[in-house]
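Residue 41 in UniProt numbering sits at position 41 of the sequence shown; the count goes up by one each step and never skips.
Idealized CB from N, CA, C, for every residue including glycine.
As the structure is a computational prediction, the values presented were derived from the model and not from experiment.
Below: the structure, in structure tokens.
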Amino acid sequence: MGRKKFAKPNGETRTSFMFPSLHQNVANAVSDKIASTRFHGKDDDRDSTNEYSTHVMGKFRCNNQACSTGGWGSKKVAILIRRYPKNGYNAVVFNQRCRSCNRLGTLTLDEESYVDRVAYRLKKWAGVPMEQQQYTRKEGLPHESSLCEGCKRGVCRQ
Numbered sequence: 001m002g003r004k005k006f007a008k009p010n011g012e013t014r015t016s017f018m019f020p021s022l023h024q025n026v027a028n029a030v031s032d033k034i035a036s037t038r039f040h041g042k043d044d045d046r047d048s049t050n051e052y053s054t055h056v057m058g059k060f061r062c063n064n065q066a067c068s069t070g071g072w073g074s075k076k077v078a079i080l081i082r083r084y085p086k087n088g089y090n091a092v093v094f095n096q097r098c099r100s101c102n103r104l105g106t107l108t109l110d111e112e113s114y115v116d117r118v119a120y121r122l123k124k125w126a127g128v129p130m131e132q133q134q135y136t137r138k139e140g141l142p143h144e145s146s147l148c149e150g151c152k153r154g155v156c157r158q
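Written as structure tokens, this is what we have:
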């Protein structure tokens with residue numbers, strides 16, 4: 001009897017992402033104030049002691065070959081940062097959908113904005129006196145909640 005064949009999904013299927021590969025960058029960014037941190041690899045709020053929603057930046061590519069949209073940039077990519085006991089943390093970055101075909105995009109994260117936002121929040125939670133970050137408003141298209149997976153999960157601050 002032959003093997004069953006399974007259709008591979010055409011394009012991205014994840015509604016959110018975590019980036020444990022950026023942990024060392026985050027650890028370096030907080031090392032002057034926080035002795036050690038650890039990345040909590042499970043995307044759940046069980047045992048978390050704090051959470052904070054904010055935005056990072058990124059670019060998305062539409063993989064639907066029938067779609068005329070090649071990609072788009074976003075200055076408002078939803079991210080949920082969680083704190084866990086013993087200096088643990090994680091950060092979940094939410095995907096966006098293509099305006100033309102409604103398929104999930106493939107994210108290229110702006111790593112600098114991710115590290116800055118996560119490090120700032122970890123320092124705040126650790127009681128480090130921090131000046132509030134000021135971000136200049138950039139011109140661009142308005143945030144579309146219907147295309148934002150963070151909005152759908154109720155974590156987007158838009």
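task: Answer yes if the region 80-92 comes into contact with the region 100-108, meaning at least three C-beta pairs across the two stretches below 8 Å, and no otherwise.
output: no
message: One question on the structure: do Arg-60 and Glu-149 come within less than 8 Å of each other, judged by their Cβ atoms?
response: One detail in the question is off: residue 60 reads as Phe in this sequence, not Arg. No.
- prompt: Can you find at least 3 beta carbon pairs, one from the region 76-85 and one from the region 37-53, that sit closer than 8 Å?
  reply: yes
Residue 159 versus Ser-36: straight-line alpha-carbon distance, rounded: Lying before the first or after the last residue shown, residue 159 is absent from the chain, which here runs from 1 to 158.
message: Less than 8 Å between CB atoms is the rule here; does Ala-29 satisfy it with respect to chain C?
response: No chain C is present in this structure, which holds just one protein chain.
field: Pair within 8 Å by beta-carbon distance, residue 174 and Ser-53
entry: Nothing about residue 174 can be read from this structure; the chain reaches only from 1 to 158.
- request: Alpha carbon to alpha carbon, how far is Glu-12 from Lys-76? Give it in angstroms, no decimals.
  value: C-alpha separation (whole angstroms): 19 Å.
query: Just reading off the beta strand (DSSP E) that Leu-107 is part of, what are its end residues?
result: 106-109
- prompt: Which of the three DSSP states, helix, strand or coil, is assigned to Lys-124?
  reply: DSSP, read as helix, strand or coil, puts Lys-124 in helix.
task: Could you spell out the range, first to last residue, of the beta strand (DSSP E) harbouring Lys-42?
output: Looking at the DSSP string, Lys-42 is not in any beta strand (DSSP E), and its letter there is neither H nor E.
- prompt: How about Leu-122 and Val-56: are their beta carbons less than 8 Å apart?
  reply: No, they are not a contact pair.
- prompt: Under a three-way DSSP split, which group does Ala-35 fall into?
  reply: coil
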